[in-house]
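Notes follow the structure.
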Amino acid sequence: MGLMKRASFGVLAGAVIGLTTMWADAPSARADDIVLRMAVPDWPPTRIMKDLADKYYKAPSGNHVTLEPDFIPWPDYYTRLNASLTSGEKKYQMLVSDSQWLGAFIDGGYYLKLNKFIDADPQLQAVFKDLHPNLVADYSSYPHKSTNYYGFPQMPDVLINYYRKDVFCDDGEQKAFKEKFGYKLPCDPAEMDNVTWDQWGDFGKFFQRKKGEMLAGKTLDDDFYGISYQAGKGYDFSSMQVLTMMYQDGDGIAGIWDETKAPNSHAEGVVNAPTAVKSFEHFLQLLDYMPPVAKTGTMDIFKTDELFREGKVASNIQWIGFAESTINPETSKVAGKVDFSMIPGTKLASGKIVHWANIGGQPFVLTTWNSDQVVKEALDFCKWWLSVDTQKKFAQAGGQSGLQSVYSTPEYLTYRPWNRAFGPSLDWQLDVWHVPPFFELLVEQQEEFDKAITGQENAKSALDTIAGFQENLLKEQGMIQ
Amino acid sequence: MAVTASGVRARGGFLALSWSNWPLALVAALIVIALAIWLLPGTAAFWVGLAAAAVVAFTVVAFAYGRRNNGALLVAPAVALLVVMNIFPLLWSLGLSFFRYKANSIQPPAWLGINNFATVLTSADVWDRLRTTGLIMILTVSCQLVVGFLLALLFEKQFRGRRVLLMLVLTPMMLSYVAVGAFFRYYYEPTFGLLSQFVRLFTGEPFLLLNTPWGARAGIVFADAWMWSPFVMLLVLAGLVSVPSYLYEAAEIDRASWWRKFRTITFPYIRGLLLLALLFRTIEAFKLFDVVFLLNEGGPGTSNETIALFIYRQSFQYNKTSYSTALAYIMLFVVVVLTNLYLYAVNRRARETA
């Protein structure tokens with residue numbers, strides 16, 4: 049019924065447009081009304097985009113171009129988008145896509161390849177040169193790290209460390225920590241940048257307090273916990289953190305099937321390599337110092353965010369995208385008491401501290417069913433979005449920019465307290481698979497991680513199961529020889 | 002049916018080219034649809050199929066109009082809607098289950114015969130999910146029957162505040178699944194949750210319900226039973242109030258025990274309704290998705306993943322479209338069998354009592 053209704057509406061709209069163009073044909077230069085309908089998750093970065101587009105975007109062609117985002121709640125986003133794309137309704141001209149979805153939807157022929165437009169347009173070339181290379185690789189290229197480009201950053205995001213400066217910088221706590229662990233409890237963001245996961249575990253141990261005990265000179269009216277990070281079963285709410293720790297221990301891509309070397313790379317022996325098992329054990333061990341919900345498989349990124357804003361945790365590893373609400377007194381009990389640093393690193397045998405991490409955030413892409421005129425307008429819009437001026441406005445309103453000429457200016461650091469951690473973190477970003485069966489890989493991995501997190505299984509046997517599953521699946525799909 | 006057939010014969014037989022010859026149109030449509038699926042690309046085949054279905058619907062209407070069958074004409078719009086919105090997609094997906102097809106792939110569907118069904122039935126994962134579903138189903142339905150029954154016994158009597166209390170008890174049934182799922186997630190949450198706060202009064206430690214398979218299962222069963230026991234209560238209550246009071250009075254004179262009264266008077270009256278409640282709740286529990294998904298996505302691991310959740314993953318996350326339709330048809334078959342079993346039981350009772 050919906051289709052029929054739309055069809056008849058289309059006929060009607062066509063007739064109306066026909067009439068109006070006949071009407072408007074008289075003056076020589078005519079401006080078309082073009083609507084760029086865009087599927088976006090409903091959260092601040094996309095709301096800001098709509099806001100800026102409404103206020104400032106004037107199409108260089110002289111046409112009247114409006115951005116019309118379809119704001120879809122995050123938990124529903126993949127399902128709704130997937131339904132729209134696979135049903136063939138061709139509703140959207142642009143859409144926000146998680147980087148992992150690239151392969152699955154490029155394979156279906158939904159995402160527009162940008163190479164020929166980039167080759168023909170020096171302005172686009174300049175944009176791609178100015179973007180951080182990790183963002184180009186993770187958000188735009190498919191096959192991963194090839195020179196086929198599809199996406200532009202909408203909201204680049206990385207994991208950072210949110211911590212309570214009122215607790216960490218308290219003199220009494222500083223003294224007690226030094227006595228107990230023999231080194232200084234970090235307080236400045238610069239000090240916190242150099243922390244390792246082992247030290248972070250010490251903070252967990254140190255700040256785990258019962259109701260009635262003292263914390264930073266005050267009596268606690270509820271239990272308090274030192275640390276928290278994502279360890280949930282839904283979507284990718286444990287993989288992102290587990291892989292981050294595996295990458296660090298392996299100094300680069302590790303603990304994961306390397307799609308860039310397919311079909312010669314394997315899952316078996318890599319996913320369950322001894323270093324990966326050690327990293328995962330480390331991940332599990334740190335759960336002991338987190339709020340107990342960490343061991344139920346429901347500690348997703350929304351739960352860690354809530355625990356931190358409720359003031360139950362001293363230090364939380366979280367995406368930058370959540371930061372705005374922690375410093376707003378209306379949504380946060382810890383507003384004014386928070387500081388931000390890079391995530392903890394791992395000290396390699398060589399003495400070097402590495403901060404490898406799994407990238408967050410999303411690119412946006414163009415779809416394949418648009419007329420040449422709409423494609424041109426959409427690309428003009430992308431160029432406007434990725435212009436220095438617009439990206440600055442986006443960052444001032446609370447977004448992040450992937451343009452080196454924006455995020456590496458001193459001015460950028462003054463927009464938000466966490467911006468200082470953003471640029472340096474970008475250099476360390478890696479990403480999970482982008483291949484079409486990513487969701488099968490992800491769900492099975494999340495299930496096995498969940499068994500280990502809830503204590504049904506140990507790290508080794510979970511990783512063995514994952515490795516076997518991935519080896520089989522990827523062999524079936526011809527991605528492993 | 003005999004009347005219809007003779008009606009067609011009277012107008013010139015099966016092969017007559019007339020707008021009211023619906024059996025011919027039906028056969029022709031089936032052939033056209035089969036050919037379209039075989040020869041045309043998926044999208045074109047779909048629209049051709051839909052058009053063929055529409056032609057059949059039209060001939061049926063014309064047939065009814067020709068025979069001045071006003072009743073049939075009046076229901077025609079509803080039937081047409083049903084055909085277009087339900088029956089055609091249902092048959093279409095049945096057809097799809099015999100092909101290899103992924104919704105997000107540009108590869109056209111390829112004929113696979115009954116391979117999808119064979120894969121489904123031999124898959125250890127599917128049997129594991131079916132066992133999980135069966136277990137949860139038995140637990141939650143028996144909980145609902147017991148609690149619902151006890152509630153009905155309570156509300157059968159008149160007492161002060163009965164109406165208000167009855168309304169409160171009925172509320173869960175009217176809430177949306179999503180709200181209930183989100184609510185119980187908070188209820189079981191160890192840091193802020195009520196359950197954990199309560200247990201902490203005694204043990205001093207936060208209580209983790211969801212980190213063992215049986216704990217999570219108990220959580221699911223409790224949430225589902227909380228929501229649906231009132232439904233059972235409503236049905237049973239209807240049975241209880243329909244028992245004529247003179248039977249109890251007579252039993253009173255005979256000094257029959259409580260149990261005897263229940264067994265020989267009350268139970269026969271509510272037996273049919275209890276069976277109906279059992280039927281409804283079993284079918285619903287077999288399809289259980291929302292609470293499980295919202296609570297912890299069937300965790301820990303896959304220990305509480307129901308078959309409905311499994312199908313959701315195959316279909317909407319992995320886009321294994323034809324495989325998941327095959328699976329969905331097997332589920333439909335199970336539900337149909339269950340329904341028929343219960344209907345058989347209900348009918349036999351009806352005959353016995355009649």
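Protein chains in written order, with our numbering: chain A, 49 to 529; chain B, 2 to 355. Glycine included, each C-beta is placed from N, C-alpha and C at the ideal position. As the structure is a prediction and not an experimental result, all values here were calculated from the model.
| query | In the region 70-100 of chain B, which residues sit with their C-beta less than 9 Å from some C-beta in chain A, listed in chain order? | reply | Of all residues in the region 70-100 of chain B, L82, V85, M86 have a Cβ within less than 9 Å of some Cβ in chain A.
| field | the region 481-498 of chain A touching the region 141-154 of chain A, judged by at least three CB pairs closer than 8 Å | value | Yes, they touch.
| message | Does any residue of chain A have a CB that is nearer than 8 Å to the CB of T204/B? | response | Taking the first residue of the second sequence as 1, we reach residue 204/B at position 203. It does not: the Cβ of T204/B has no partner Cβ on chain A nearer than 8 Å.
| Can you name, in chain order, every residue of its own chain whose Cβ lies under 7 Å from the Cβ of A507/A, other than the five neighbours on each side? | Translated into positions along the first sequence, residue 507/A becomes position 459. Excluding the 5 residues flanking it on each side, A507/A has same chain C-beta neighbours closer than 7 Å at V325, F328, E329, L332, A500, in chain order.
| Based on the DSSP output, what are the partners of K395/A in its beta bridges? | Within the first sequence, numbered from 1, the residue matching residue 395/A stands at position 347. Looking at the DSSP assignment, K395/A forms a beta bridge with I401/A.
| query | Is it true that the CB of A107/A sits closer than 8 Å to the CB of D428/A? | reply | Counting from one through the first sequence, the residue named residue 428/A turns up at place 380. Counting from one through the first sequence, the residue named residue 107/A turns up at place 59. Closer than 8 Å, so yes.
| field | is_contact[L169/B, chain A] using C-beta, thresh 8 Å | value | Stepping through the second sequence from its first residue, residue 169/B is reached at position 168. Not closer than 8 Å to any Cβ of chain A, the Cβ of L169/B fails to qualify, so no.
| query | Between the C-alpha atoms of A72/A and L522/A, what's the straight-line distance to the nearest angstrom? | reply | Against the first sequence, residue 72/A aligns to sequence position 24. Against the first sequence, residue 522/A aligns to sequence position 474. At A72/A the pLDDT is 45, less than 50, meaning the model places this residue with poor confidence and gives no usable figure here.
| task | Assign D475/A to buried or exposed, taking buried as 16 or more other Cβ atoms, counted over all protein chains shown, within 10 Å of its Cβ. | result | Working through the first sequence from its first residue, we reach residue 475/A at position 427. If you draw a 10 Å sphere on the C-beta of D475/A, you find fewer than 16 other C-beta atoms in it, and that means exposed.
| Listed by chain order, chain D residues near L211/B by CB distance under 7 Å | Going by chain labels, chain D is absent from the structure shown, which instead holds the protein chains A and B.
| Nearest-angstrom Cα distance between N111/A and F412/A? | For the purposes of this step, residue 111/A is taken as residue 63 along the first sequence, with counting starting at 1. For the purposes of this step, residue 412/A is taken as residue 364 along the first sequence, with counting starting at 1. Rounded to whole angstroms, N111/A to F412/A spans 22 Å at the Cα level.
| field | Host alpha helix (DSSP H) of N116/B (start-end) | value | In the second sequence, the residue the question calls residue 116/B occupies position 115. Run containing N116/B: 116-123, per the alpha helix (DSSP H) assignment.
| Could you give the distance in angstroms between the alpha-carbon of A219/B and the alpha-carbon of I32/B? | As a working mapping, residue 219/B is identified with position 218 in the second sequence. As a working mapping, residue 32/B is identified with position 31 in the second sequence. Straight-line spacing of the CA atoms in A219/B and I32/B works out to 52 Å.
| field | is_contact[Q198/B, chain A] using C-beta, thresh 8 Å | value | Locating residue 198/B in the second sequence gives position 197, where the first residue counts as 1. For Q198/B, the answer is no, since every Cβ of chain A falls outside 8 Å of its Cβ.
| task | Could you list the residues in the region 126-157 of chain A with a C-beta less than 9 Å from some C-beta on chain B, going in chain order? | result | Y126, T127, N130, A131, L133, T134, S135, G136, A152, F153, D155, G156, G157: these are the residues of the region 126-157 of chain A whose beta carbon lies less than 9 Å from some beta carbon of chain B, given in chain order.
| query | beta strand (DSSP E) containing L84/A: first to last residue? | reply | Locating residue 84/A in the first sequence gives position 36, counting from the first residue. 81-89 is the extent of the beta strand (DSSP E) around L84/A.
| request: Below 6 Å CB to CB, which residues in the same chain sit around A327/B once its five sequence neighbours on both sides are set aside? | output: As a first step, residue 327/B must be located in the second sequence, where it is residue number 326. Only S98, N117, F118, V121 meet the Cβ criterion.
| query | Are V242/B and I284/B closer than 8 Å when you measure CB to CB? | reply | What you label residue 242/B is simply residue 241 of the second sequence in a count that begins at 1. What you label residue 284/B is simply residue 283 of the second sequence in a count that begins at 1. A distance of 8 Å or more separates the beta carbons of V242/B and I284/B.
| request: Pick helix, strand or coil for F442/A, following the three-state DSSP scheme. | output: Taking the first residue of the first sequence as position 1, residue 442/A is located at position 394. It is helical.
| Candidates Y66/B, A35/B, G43/B: closest to W23/B by CA position | The residue given as residue 23/B occupies position 22 in the second sequence. When the alpha-carbon of W23/B is set against those of Y66/B, A35/B, G43/B, the nearest one is in Y66/B.
| Who are the near neighbours of N341/B in its chain, counting only those whose CB is closer than 7 Å to its CB and skipping five residues on each side? | The residue labelled residue 341/B in the question sits at position 340 within the second sequence. By the criterion of a C-beta distance shorter than 7 Å, N341/B is surrounded by no residue of its chain, once the five residues flanking it on both sides are discounted.
| query | By a C-beta neighbour count over all protein chains shown, 10 Å radius and 16 as the cutoff for buried, is R161/B buried or exposed? | reply | Taking the second sequence and counting its residues from 1, one reaches residue 161/B at position 160. By the 10 Å Cβ count, R161/B comes out exposed.
| What does R186/B touch in chain A if you count any residue whose Cβ is under 7 Å from its own? | The sequence position of residue 186/B within the second sequence is 185, counting from 1. Those are T346, listed as they occur along chain A.
| field | CA-to-CA distance, L176/B to T213/B, given in whole angstroms | value | Position 212 of the second sequence, counted from the first residue, corresponds to residue 213/B. Position 175 of the second sequence, counted from the first residue, corresponds to residue 176/B. Straight-line Cα distance between these residues: approximately 28 Å.
| Which term fits Q366/A, buried or exposed, when burial requires 16 or more other beta carbons within 10 angstroms of its beta carbon? | As a position in the first sequence, residue 366/A is number 318, starting the count at 1. With a threshold of 16 other beta carbon atoms within 10 Å, Q366/A meets it and is buried.
| Are the C-beta of G282/A and some C-beta of chain B separated by less than 8 Å? | Counting from one through the first sequence, the residue named residue 282/A turns up at place 234. For G282/A, at least one C-beta of chain B is nearer than 8 Å to its own C-beta.
| field | Extent of the continuous alpha helix (DSSP H) to which I120/A belongs | value | Counting from 1 along the first sequence, the entry for residue 120/A is found at position 72. That residue, I120/A, is in no alpha helix (DSSP H); its beta strand (DSSP E) goes 112-120.
| Pick from F176/A, Y211/A, P204/A: whose alpha carbon is nearest that of N196/A? | As a position in the first sequence, residue 196/A is number 148, starting the count at 1. Looking at the Cα atoms, F176/A is the closest of the given residues.
| said: Check whether the region 273-287 of chain A and the region 337-355 of chain A touch, using three or more Cβ-Cβ pairs below 8 Å as the test. | reply: Counting Cβ pairs under 8 Å, three or more are found: they touch.
| How many angstroms separate the CA atom of R349/B from the CA atom of Q198/B? | Within the second sequence, residue 349/B is the residue found at index 348, counting from 1. Within the second sequence, residue 198/B is the residue found at index 197, counting from 1. Each residue's alpha carbon lies about 51 Å from the other.
| request: Pull up the DSSP beta-bridge partners for F100/B, would you. | output: In the second sequence, the residue the question calls residue 100/B occupies position 99. Answer by DSSP bridge pairing, in chain order: W112/B.
| Inter-residue Cα distance where the pair is R54/A and V88/A | Position 6 of the first sequence, counted from the start, is the residue given in the question as residue 54/A. Position 40 of the first sequence, counted from the start, is the residue given in the question as residue 88/A. For R54/A, the predicted structure reports a pLDDT of 41, less than 50, and the residue's modelled location is therefore unreliable. A value from the coordinates is still provided. Roughly 22 Å separates the two Cα atoms.
| task | Take K281/A as the anchor and find which of L233/A, S509/A, S389/A, D498/A has the nearest alpha-carbon. | result | Counting from one through the first sequence, the residue named residue 281/A turns up at place 233. Comparing Cα positions, the closest option is D498/A.
| Helix, strand or coil for R212/A per DSSP? | To locate residue 212/A, count along the first sequence from 1; it is residue 164. The answer is strand: DSSP assigns R212/A an E or B state.
| Cβ of T502/A less than 8 Å from any chain B Cβ? | As a position in the first sequence, residue 502/A is number 454, starting the count at 1. Yes, its Cβ sits closer than 8 Å to a Cβ of chain B.
| message | Within 10 Å of its beta-carbon, does Y231/A have 16 or more other beta-carbons around it, so buried, or fewer, so exposed? | response | Position 183 of the first sequence, counted from the start, is the residue given in the question as residue 231/A. Y231/A should be labelled exposed.
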